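>
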Amino acid sequence: MFTVFFSQKLSSLAALLIRLQQNNPNPNPFEPETVLVQSVGMAQWLQMQIADQTGVAAHYQFPFPTSFLWQQYRVLFPELPKENIFERESVTWRLMRLIPKYLEKAEFESLNLYLNKDARQYPLKLYQLAGKIADLFDQYLVYRPHWLVHWESNRIEAVLNEILAAIAFREKNERDILANLRWQSMLWNALIEDIKADSDEEVFMTSHRAYLQQQYFEKLDNLTESEKLKLPKRIFAFGISSLPATQLAVLKKLSEHCEVYLFFLDPSQEYWAESVEDKTLEKLALKRQLSQQDLDALLAEQGNQLLTMWGKQGREFLVQLVEQESDNTIEVFDEYEGDSNLIKLKNAILNFNNEQRFELAEQDRSIQIHACHSVMREVEVLHNQLLQMFERNPTLAPKDIIVMSADIDKYAPYINAVFARYEKGDKRYIPFTLSDQKVTAIDPIIAGFLTLLNLKESDFSAESLLDLLDVKTLRERFNLQEQDLQTLRHWVNQVGIRFGLHIQQDDWQNHNTWENGLTRLLLGTSLKAESGIWQDSVAFNESYGLSATLVGFLAKFIENLTTWYEFIQQDHTLEEWKARIQKLIGEFYQESNESLDALLLLNSTLEEVANKAEQAEFSESIGIEIIRLLLEDKLNQQQSSLQFLAGKVNFCTLLPMRAIPFKVVCLLGMNEADFPRQHSANSFDLMQYAPKRGDRARRDDDRYLFLEALLSAQEIFYLSYIGQSTTDNKQRLPSVLVSQLLDYLAEHLTEQARLQASEKDRFSEALFWQKMVVQQPLTVFSPKNFTPQYGSYDKEWLLEQQHEPLADFLNKSFDLKAEIPTEINLEDLIAFVSNPIKYFFNHQLGVYFRNDEESIAESEKFSLSDLDDYQLRDQLVTLEPAEREAFFKQEQLKGNLPISNFAKVSQQALEDSINELRELIKPYLGESEIVEIEQLFEVNQLKIHLFGNIQNKFANEIVFWKVGSLKDKDYIRLWIYYLLIQAQGLNLELKAIARSKEKAEIFRFNQVSAEQAFSQLQTYISAYVTSFRQLTWGIWTDLDNYFEKLSDEQNVAEYCQQQLSALMDKQYFEKSYLQRVLQQSSQLDYAQIHTVTLEWFELMQQSKPTKTKIKEKK
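Under full-length UniProt numbering, the sequence shown is numbered contiguously, ending at residue 1114.
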């Protein structure tokens, strides 16, 4: 008996199923109950419902309809294989063998042109084409099996006539249709012959779906007693929203021998299978030249517009159910209780009318629509809105909420970033689970494996290979620890590795490759760089000694990659690929409890792919591109759905039969271009020219998904989309389904709501949208978020809003345990004066701001960076001209020079730049002496001993040189040296030779008396000692600019503040310390900072030969 249950509530259908089982228990407790479902989530939800109402849900199986029916075929035809011989993957391999044999035929001209347009891409294009055709043939087997029977009988004219008679046919398509029909029929018959050759007649006839159904029906009509016992006693099909006509027919036929109960989630209690969209009626009226009055009358008789527009898939399945003439029909419909907009809308759909009237969103929040600027903002807004819902409804729990997106992988990183930032103790913590993510997106082992398969076209950039070592399992395989990665990254950067495996390129040598870098690292285990060139390589000093083991591990990693890279340059048979990839997995991944599941998945997937090809007798060689596509497609079919319905907020993909009732249903990414999802039919798909009821259409499926989601929402239906541009704030349209929903609500407003959405007594669509769609601010910290209209729980951003005073970071004494020093090293004093804030952070607070992540360039070096240029000039300036050639050779082997002839250009430029400077420093390139410094100071009755050394003493001169221009820190160092020389009365001249604006210049300070020098040093010593309790600081950089613009008419505090702000806009290397002070201090005494700046550096500026004129203050 075939019984169909109808209800608009899934809970009612579940209650019917449970009552049916309770009233009629399974007569055989050892035989599981079979419940056909279309999603894993539906199975989980139904099991929970059964367990809640009966106490336990055990001994159930929830197969999908297709796999269940194939099992039933095998019950009566045991000779059938476990998988259909017409299975898509097997057919793909067969087509890859067959297509090339037919390309020379005239009928295959279009395929031949496509495949041979680019000979290099031929194998990959052949595989992709074979896959598309296999998909198409699979669709024909399900939806047009009679076409295939006609082809096998060489009656293609019957198919052509059917297509030409179809409504969707256009005369201009006839030639293309005939061409496609010819090659497809020829290829199908070739495929049939190929399959027949590998299987006996009985297996072939029972596997071929075009014949299988009829044979199965005949078998069911002539069952033996033993065969009858093999059939299931009863079958439940729960929540099915659509089935191919062939599968529904099989279930109906099975009902002659067992009980078949089909539970159909019917949106409406009225018969709506013959409903027609308004636009169809308008076209009909135009064609038949109906009057406007007649058209209005037709439209008035229409049922619910939304159900008509969105329900095509369900409508066609409802027609199929009616046509099957079920033995028994049971309907359980009841009105939704409540008067919210959502309930009214669901009741309008239930009653298939348009009589309900709706309020604006200001009065009713059951249907919420939010327009955001980005995916991140969608998720941030969702988090705040959920917190609002929890606050307004204390009975609402996380398990009552489902959040769906058409592409959950796109949203997953943002969901984790927003929802996982709060700990359980925080009231804003919302427990959540993510389901349906592709395993390739969430498992680093799988993702890394696919990267290895994609190395053929890789440039082997340093960053990409080091990223592989971030995978723990791979890293452990080469005995590397996580803390080793920073060392390896530093080494790779220092030895000049950028990209590429080998030094020798087609017509030049690349010394920024792994080959050269590894050679340097390995050579450095036994030699020093000072040993010079050894076999065209220069040792790397840091890999010497105990670091040799780490170098060895890295070398083994690169060796394995190189071996694999060389293997994948050639095509191989699938057997060879299978063996080599299995070896690859063993070479690169350490088996452990953590990695076991992923490695088993990789090996089983590889085995499955190879077996499919073997069954299809495909033995030809193929490239790594095809292997990667095969494995990636197969692995992407593995999705994480185990945590669905885990008692938390459920994030998942918008899939068929996810219409499980939840109090709150949220849909993200309802953008115009993204939903309904785009699906372009193949140009050679003949079904598009002759569509039939029951054919699957992706966009129609998505419309029905949207309808199911709306109906499954019990209290709130939440929609969000990217409705505003991040660049110019222009409005963007939502999905056409959201627009249709808004249009429907606008047409059926209450009188009061219509007045509120009117301007000058006329309804305003723009005003209506403004009231129904919440235009969310661009950023999470926007002041709008903290107004009642929006409501944000991100209290971290309230700091500025509430004008809470910042703690005075430096304008207070610190409880520092360090003792006041009685001895000061000269280098410490210089470091303090050169950057007092940094010194205070580093030495008093123990805080360091630095970027440990070294960025590694990934392209050829065509020119020298400013830093490289400076470092090379600094080494080059002390060399004799005869030593330069060897120096440049070493630098080239180190990878420090540009490539090819660009190196010669850079060499010449470097030499030209230091010639003048070298002439000036030439007398000082010999041995130098050291001046020992000791000086006593008294600070607050405390004796302070300053000690240190000044290097570069040549006779009665102290000479420093620099291949670049002097910076403020250089002037400060020279200034303190000069003050000490003067204070101690040493008969020494201090000078600096530097390269400024392409010219060499000599710098000397103007004369300063011993008393002035000592007094200035006393100022520095006093400030240094004070910094052990409280920091007093002045501006220490960009001093020329500061003093040059200073005048007595200015407000010095305001001027100082302006100069500090300007400093923050400059590319100042260590501005992070100053930035922290400016941001974490409520009020700074800028007048005091200015005063300190004058005390520290006014005399220095006046003593410069080109000193800034500083007016005396009145």
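Built from N, CA and C at the ideal position, the CB exists for glycine as well.
Being a predicted model, the structure only gives us computed values, none of them experimental.
1. Which of the three DSSP states, helix, strand or coil, is assigned to Met404?
2. Quick one: grab the DSSP three-state call for Gly948.
3. Are Thr246 and Gln269 closer than 9 angstroms when you measure CB to CB?
4. What residue range is occupied by the uninterrupted alpha helix (DSSP H) comprising Trp514?
5. In terms of residues, what are the limits of the beta strand (DSSP E) holding Phe2?
6. Distance, Cα to Cα, Pro25 vs Cys652?
7. Using a 10 Å radius around the Cβ and a threshold of 16 neighbouring Cβ atoms, would you call Met772 buried or exposed?
8. So is residue 1122 buried or exposed if we call it buried at 16+ other beta carbons inside 10 Å?
9. Counting only C-beta atoms, is Leu667 closer than 9 angstroms to chain C at any point?
10. Anyone know if the C-beta pair for Leu925 and Leu876 falls short of 9 angstroms?
11. Is the beta carbon of Glu672 sitting closer than 9 angstroms to the one on Tyr744?
12. Counting only the same chain and skipping the five closest in sequence on each side, list residues whose C-beta sits under 7 angstroms from that of Asn842.
13. Look at the alpha carbon of Tyr127 and the alpha carbon of Asp364, and state the distance between them as a whole number of angstroms.
14. To the nearest angstrom, how far is the alpha carbon of Arg209 from that of Asn454?
15. Let me know the secondary structure DSSP gives Val250 once reduced to three states.
16. To the nearest angstrom, how far is the alpha carbon of Ile446 from that of Ala598?
17. Tell me whether the beta-carbon of Arg498 lies closer than 9 angstroms to the beta-carbon of Glu858.
18. Would Leu1060 and Val1052 be called neighbours here (beta carbons separated by less than 9 angstroms)?
19. Considering only heavy atoms of the ligand GDP, does any lie closer than 8 angstroms to the CB of Ala166?
20. When the Cα atoms are used, what is the spatial distance from Ser458 to Ser405?
21. Going by C-alpha to C-alpha distance, which of His679, Asp674, Arg696, Gln615 sits closest to Lys82?
22. Using beta-carbon positions only, say whether Lys648 and Thr487 come within less than 9 angstroms of one another.
23. Beta-carbon within less than 6 angstroms of Glu989's beta-carbon, same chain only, minus the 5 sequence neighbours each way: which residues are those?
24. CA-CA distance, Lys578 and His572?
25. Helix, strand or coil for Ile716 per DSSP?
26. Quick one: Cα of Met1 to Cα of Ser255, how far?
27. Report the rounded CA-to-CA distance for Asp451 versus Leu584, giving the unit in angstroms.
28. What do you get for Asp443, buried or exposed, if any count of 16 or more other CB atoms within 10 angstroms of its CB means buried?
29. Can you round the beta-carbon distance between Gln320 and Gly694 to whole angstroms, since I take them to be within the 8 angstroms contact cut?
30. If contact is defined by three or more beta carbon pairs under 8 angstroms, each pair taking one atom from either stretch, is the stretch 335-348 in contact with the stretch 12-30?
31. Within 8 angstroms, do at least three Cβ pairs link the stretch 959-969 to the stretch 986-1002?
32. Express the C-alpha separation of Asn729 and Glu380 in angstroms, rounding to a whole number.
33. At which residue ranges does the stretch 745-805 contain complete beta strand (DSSP E) runs of 3 or more residues, listed in the order of the chain?
34. Classify His370 as buried or exposed, calling it buried when 16 or more other Cβ atoms lie within 10 Å of its own Cβ.
35. Using a Cβ distance threshold of 8 angstroms, determine whether the stretch 215-224 contacts the stretch 118-127, with at least three qualifying pairs required.
36. Could you work out which residue in Glu575, Pro923, Asn940, His945 is closest to Ile933 when comparing CA atoms only?
In terms of the structure at hand:
1. Taking the sequence shown and counting its residues from 1, one reaches residue 404 at position 404. Note: Met404 maps to strand in three-state DSSP.
2. Residue mapping note: residue 948 aligns to position 948 of the sequence shown, counting from 1. Three-state DSSP puts Gly948 in a strand.
3. Position 246 of the sequence shown holds residue 246. Position 269 of the sequence shown holds residue 269. No. Outside cutoff.
4. Along the sequence shown, read from residue 1 onward, the residue named residue 514 stands at position 514. Counting along the chain, the alpha helix (DSSP H) containing Trp514 begins and ends at 514-523.
5. Locating residue 2 in the sequence shown gives position 2, where the first residue counts as 1. From DSSP, the beta strand (DSSP E) with Phe2 extends over 2-7.
6. Residue mapping note: residue 25 aligns to position 25 of the sequence shown, counting from 1. Residue mapping note: residue 652 aligns to position 652 of the sequence shown, counting from 1. Between the C-alpha atoms of Pro25 and Cys652 there is a straight-line separation of about 35 angstroms.
7. As a working mapping, residue 772 is identified with position 772 in the sequence shown. So Met772 counts as buried.
8. The structure shown does not extend to residue 1122, since the chain is modelled only from 1 through 1114, so no value can be given for it.
9. In the structure shown, chain C cannot be found, because there is only a single protein chain.
10. Here residue 925 corresponds to residue number 925 of the sequence shown, with the count starting at 1. Here residue 876 corresponds to residue number 876 of the sequence shown, with the count starting at 1. Going by beta carbons, Leu925 and Leu876 fall outside the 9 angstroms limit.
11. To locate residue 672, count along the sequence shown from 1; it is residue 672. To locate residue 744, count along the sequence shown from 1; it is residue 744. Cβ atoms of Glu672 and Tyr744: not closer than 9 angstroms.
12. In the sequence shown, residue 842 corresponds to position 842, counting from 1. Closer than 7 angstroms at Cβ, skipping near neighbours: Tyr848.
13. Mapped onto the sequence shown, residue 127 falls at position 127. Mapped onto the sequence shown, residue 364 falls at position 364. Between Tyr127 and Asp364, the C-alpha separation is close to 54 angstroms.
14. On the sequence shown, residue 209 is found 209 positions in, with the first residue counted as 1. On the sequence shown, residue 454 is found 454 positions in, with the first residue counted as 1. Computed Cα separation, rounded: 38 angstroms.
15. As a position in the sequence shown, residue 250 is number 250, starting the count at 1. Three-state result, Val250: helix.
16. Start at 1 with the first residue of the sequence shown, and residue 446 comes out as number 446. Start at 1 with the first residue of the sequence shown, and residue 598 comes out as number 598. Per the coordinates, the alpha-carbon of Ile446 lies some 7 angstroms from the alpha-carbon of Ala598.
17. The residue given as residue 498 occupies position 498 in the sequence shown. The residue given as residue 858 occupies position 858 in the sequence shown. Yes, these two residues count as a Cβ contact at 9 angstroms.
18. By one-based count along the sequence shown, residue 1060 stands at place 1060. By one-based count along the sequence shown, residue 1052 stands at place 1052. No.
19. In the structure on display, the ligand GDP does not appear, and there are no ligands present to speak of.
20. For the purposes of this step, residue 458 is taken as the residue at position 458 of the sequence shown. For the purposes of this step, residue 405 is taken as the residue at position 405 of the sequence shown. If I take the Cα positions, the gap works out to 33 angstroms.
21. Taking the sequence shown and counting its residues from 1, one reaches residue 82 at position 82. It is Gln615 whose Cα lies nearest to the Cα of Lys82.
22. Against the sequence shown, residue 648 aligns to sequence position 648. Against the sequence shown, residue 487 aligns to sequence position 487. For Lys648 and Thr487, no; Cβs fall outside 9 angstroms.
23. As a first step, residue 989 is located in the sequence shown; it is residue number 989 there, counting from the start. Taken in chain order, the residues that qualify are Glu957.
24. The residue you call residue 578 lines up with position 578 of the sequence shown. The residue you call residue 572 lines up with position 572 of the sequence shown. Rounded to whole angstroms, Lys578 to His572 spans 10 angstroms at the Cα level.
25. The sequence position of residue 716 within the sequence shown is 716, counting from 1. Ile716 sits in a strand when the DSSP states are folded into three classes.
26. On the sequence shown, residue 1 is found 1 positions in, with the first residue counted as 1. On the sequence shown, residue 255 is found 255 positions in, with the first residue counted as 1. Going from the Cα of Met1 to the Cα of Ser255 covers about 5 angstroms.
27. Within the sequence shown, the letter at position 451 stands for residue 451. Within the sequence shown, the letter at position 584 stands for residue 584. The residue asked about is misnamed: residue 451 is Thr in this sequence, not Asp. Note on geometry: alpha-carbon atoms of Thr451 and Leu584 lie some 12 angstroms from one another.
28. Here residue 443 refers to the residue found at position 443 of the sequence shown. Its Cβ being crowded by 16 or more others within 10 Å, Asp443 is buried.
29. Walking along the sequence shown from the start, residue 320 turns up at place 320. Walking along the sequence shown from the start, residue 694 turns up at place 694. Contact between Gln320 and Gly694 holds, with the beta-carbon distance rounding to 6 angstroms and staying under 8 angstroms.
30. Fewer than three Cβ pairs drawn from the stretch 12-30 and the stretch 335-348 lie within less than 8 angstroms of each other, which leaves the two stretches out of contact.
31. Cβ pair count under 8 angstroms is three or more, so yes.
32. What you label residue 380 is simply residue 380 of the sequence shown in a count that begins at 1. What you label residue 729 is simply residue 729 of the sequence shown in a count that begins at 1. Each residue's alpha carbon lies about 18 angstroms from the other.
33. List check, beta strand (DSSP E) in window: 773-775.
34. As a first step, residue 370 is located in the sequence shown; it is residue number 370 there, counting from the start. The residue in question, His370, is buried, as its Cβ has 16 or more Cβ neighbours within 10 Å.
35. Touching, no.
36. Here the question's residue 933 lines up with position 933 in the sequence shown. Distance check between Ile933 and each of Glu575, Pro923, Asn940, His945 places His945 closest, using alpha-carbon atoms only.
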